[in-house]
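Encoded as C-alpha cells, the structure appears first; notes follow it.
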Amino acid sequence: MNDKIRVRFAPSPTGYLHIGGARTALFNWLYARGQQGTFILRIEDTDELRSTPDSVEAILGSMRWLGLDWDEGPAELGPDGRYLTKGDSGPYFQMERQELYRKHVDALVAEGKAYRCYCTKEELDAARAEAQAAKRLPRYSGRCRSLSDAQGQAFAAEGRRPSVRLRMPDDGATVVPDRIRGEVSFENAVLQDFVIQKMTGGPTYNFACVIDDHAMRISHVIRGDEHLSNTPLQLRLYEALGWAPPIFAHLSMILGPDGTKLSKRHGATSVLEYRSQGFLPDAMRNYLALLGWSNPESQQLFDGDELFQKFSVEGCQKNPATFDPVKLQWMNGEYIRKRTGEQLFADALPFLEQAGFGDVARADMLPTVALEREKYKLLTDVPGRVDYFFRDVVYQPEAVEKVLRKEGVDGILGGLAGILEASAAFDAKTLEERIRGFCSEKGLKPNKVFHPIRVAVSGRTDGATLFGMLELLGREKVLARIRTARQLLKP
RNA sequence: GCCUCCAUCGUCUAACGGUUAGGACGUGGCCCUUUCAAGGCCAAAACAGGGGUUCGAUUCCCCUUGGAGGCACCA
699 MNDKIRVRFA PSPTGYLHIG GARTALFNWL YARGQQGTFI LRIEDTDELR STPDSVEAIL
759 GSMRWLGLDW DEGPAELGPD GRYLTKGDSG PYFQMERQEL YRKHVDALVA EGKAYRCYCT
819 KEELDAARAE AQAAKRLPRY SGRCRSLSDA QGQAFAAEGR RPSVRLRMPD DGATVVPDRI
879 RGEVSFENAV LQDFVIQKMT GGPTYNFACV IDDHAMRISH VIRGDEHLSN TPLQLRLYEA
939 LGWAPPIFAH LSMILGPDGT KLSKRHGATS VLEYRSQGFL PDAMRNYLAL LGWSNPESQQ
999 LFDGDELFQK FSVEGCQKNP ATFDPVKLQW MNGEYIRKRT GEQLFADALP FLEQAGFGDV
1059 ARADMLPTVA LEREKYKLLT DVPGRVDYFF RDVVYQPEAV EKVLRKEGVD GILGGLAGIL
1119 EASAAFDAKT LEERIRGFCS EKGLKPNKVF HPIRVAVSGR TDGATLFGML ELLGREKVLA
1179 RIRTARQLLK P
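First residue of the first sequence? That's 699 in the working numbering, and the numbers climb one at a time after it.
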C-alpha cells in the first residue's frame, strides 16, 4: 500500500450518478489502484435542501455496478435495504462531520482571518442585481468586513443570524498549479470574500471540501473542470489554515453530440440507465476511461487490470470529449464476445427473465444464448435473438416471400423432413453430412436448401449457424416447423 | 458582461520543431461464408483562420474566430 497516494470521489447526493460523475470517480479509482493508493468515497451532503437518501443509494449502487470499490470500509447494507454507515466503516458523510468544520471556522474568526457577516439574503441579492444592471462585477461589498463587536451584537439583537466569510486579498493573483493544465492564474480582484459557513451554521462546499481533503490526507484532487474556478478560493483557505494544498488535476468535461455539456436531453445520462439498457460494467469502464484519457499507443481495449496499470494523469486530455454511444455499443459487443458462455448467460439472465423466459431450463438456454454470441451489442438484444428456440415461430413475411415461396421449395422441405426423420443422430456434424448429402444426391446447390430450411425453422433469414441451430432445436421442433412451413405454402 | 479553460479526420485520440500527420469508432468497397453477424484486407476522411519566432511549424508566442465552464449562504 502506497500511503502517499490518497484520492477521493466526492459526489453530492442530489440525484443519480451521471456519466460525468462516473468518469471522475473512475479516474480517481484507476489512479489509486494503479499506484496501490487509497480511494475514498465522500458524500458531500451539505446542501440541506437538495440532498436525499435515495440519491445516496443510487450513487453507491452505481459505483458497485461499475466495480469502483472504495477503501476505508464499504458501507454496510442495513436490514431495510438501505446503506448504513457506522464510524469508519462507510463512505464519509459530511453532515456527520459538522463539529470539525465549526472548530476550524471559529479558529479562523478568532485569528481575524474570517469574519461574521450579517447581511441578509435579500440585501445581497439586491446588491448583486444592481451590479449586474450596471454591468459591474457582482462582488461582495465588504460591508461587514470590519464590524465592531458592538455593531455585530446590534445586528444579532435584530434577530439577524450571521454567516462567516473568509477575508481575501484585494490585489495580486492566486495561481493554481494543475497537473493537466499547468499554471492557471486568477486575479484576486475578481475573487471575493466568500462564505465558509452558512447562516444555518453548516459549512459551504468550498470550506468542507478543504477541511476534509486535509483531514483525509488527500494527495491528489482529481475532479471535473467545473471546479477549476473554485480552486483559487480553496487555495486561499489552505493558506489561511496554514496547510499544504494537495496536487490538483482538473478533468475536461464530457459533452453531448451537440457540443454542449452532457445532460438529460441527450438521452441516458444515469449510470444505472446504462445497466438496464444492457451494457456490461467492464465495457462501460473501458469506454469512459477513453473519454479524456489515452495512452501513447492509442490502445482501445484493455483486459482485466491493464486499465489501471496503464492509467496516468499525464495521459489526460485538456479538451472536452463528446460522448459517443455508437462506440460504446461497439465496445460492449467486444466485451460480450470475450465472455464465456457461462458468464454471458449469467449477464443476460435478468434480461431473459424480464422478457418472460424465466421458465426455460438453464441447460436449454445457456447453449442457445452462446450460439448467437457475435450478434449481440447489448444484453437486451439476447431475448429477441433466442426467442424462436422456446416460443412458436413468427414467420417474417419478407422471409417467407423471398425464400419459401420459390419454385421447388416445398419438395425440398419434404425431402429434408424425410432425411431428418430417418437420421438416428441429431448433432450438428451429422446433420451437416446428411443435408449436404441430400444436396448432392438431388443435384441441388447448398444455398437452395440451406436458406429454405433456415426460414422454415426460425421464421427469419438471419440467425445462428444452421446446423448448430437445428441441433439445439431438436428433431421434434424441427420436423414440426417444417410441417408448419409447408402448410404456409399451400395455396 | 466579467473571469478561466479548450481547439488534429463526423467522433475518441497519437504526435512532445523535420512523419506519406498514426490508431480506434462510424462510413464505403472487397474477401471469407449456409443467412446475419463476427473476422481479414483496402479506401475516403483532420492540423479553425491570421500574424510572428525559426533553416524549418500541427507542435513555441500573439491576435481573431469558435466552443465550453464558472461568476450563490448549490455542490
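Glycine residues also receive a C-beta, built at the ideal position from the N, C-alpha and C atoms.
- Beta-carbon to beta-carbon, Leu1171 and Phe1087 are separated by about 6 Å, close enough to satisfy the 8 Å threshold.
- Bridge pairing for Asp876: Gly880 and Phe946 [DSSP].
- The beta carbon of Phe892 sits closer than 7 Å to the beta carbons of Arg863, Leu864, Asn904 and Leu931 from its chain, once the five residues preceding and following it are set aside; these are given in chain order.
- In this model, Phe1043 and Asp1062 are separated by some 11 Å (Cα to Cα).
- Secondary structure at Phe1000: coil, using DSSP grouped into helix, strand and coil.
- For Phe737, the enclosing beta strand (DSSP E) begins and ends at Thr736 to Ile741.
- Secondary structure at Ser861: strand, using DSSP grouped into helix, strand and coil.
- Residue nearest to Pro709 within the set Asp701, Ile703 and Ile741 is Ile741 (criterion: CA-CA distance).
- A straight-line Cα-Cα distance of about 12 Å links Met897 and Ala854.
- Contact check for Ile1034 against Tyr1074 passes: the beta carbons are separated by less than 8 Å.
- Ile1110: not part of any beta strand (DSSP E); member of the alpha helix (DSSP H) spanning Val1107 to Ala1120, first to last residue.
- The Cβ-Cβ distance between Pro875 and Phe946 falls below 8 Å.
- Taking Val882 as reference, the option from Leu1164, Tyr799, Ala832 and Asn928 with the minimal CA-CA separation is Asn928.
- DSSP places His918 inside the beta strand (DSSP E), whose first and last residues are His918 to Gly922.
- Sequence-distant Cβ neighbours of Tyr799 in its own chain, meaning closer than 7 Å and more than five residues away, are Pro901, Phe905, Ala906 and Ile909.
- Assigned with DSSP and collapsed to three states, Val803 falls in helix.
- Here the region 935-950 makes no contact with the region 970-978; the two share fewer than three CB pairs at distances below 8 Å.
- Rounded to whole angstroms, the separation of the alpha carbons of Tyr816 and Glu856 is 10 Å.
- In this structure, Leu766 and Leu724 form a Cβ contact; the two beta carbons are roughly 6 Å apart against a cut-off of 8 Å.
- Closest by C-alpha distance to Tyr972, out of Gln895, Thr1078, Cys1137 and Lys1140, is Thr1078.
- For Ser1010, the number of other beta carbons within 10 angstroms of its own is below 16, and it is reported as exposed.
- Annotation: Gln734 to Ser917 spans about 13 Å, alpha carbon to alpha carbon.
- Between Phe1136 and the set Asp1003, Asp1125, Gly1157 and Gly1113, the nearest pair of CA atoms involves Gly1113.
- In summary, Thr1163 is exposed, with fewer than 16 beta-carbon neighbours lying within 10 Å of its beta-carbon over all protein chains present.
- With a cutoff of 8 Å on beta-carbon distance, Gln890 and Met914 are scored as not near each other.
- Shown here, Arg1173 sits in a helix according to DSSP, grouped into three states.
- Leaving aside the five residues that flank Asn1017 on each side, the residues in its chain whose CB is nearer than 8 Å to its CB run, in chain order, Ser950.
- With 16 or more other Cβ atoms inside 10 Å of its own Cβ, Glu1169 counts as buried.
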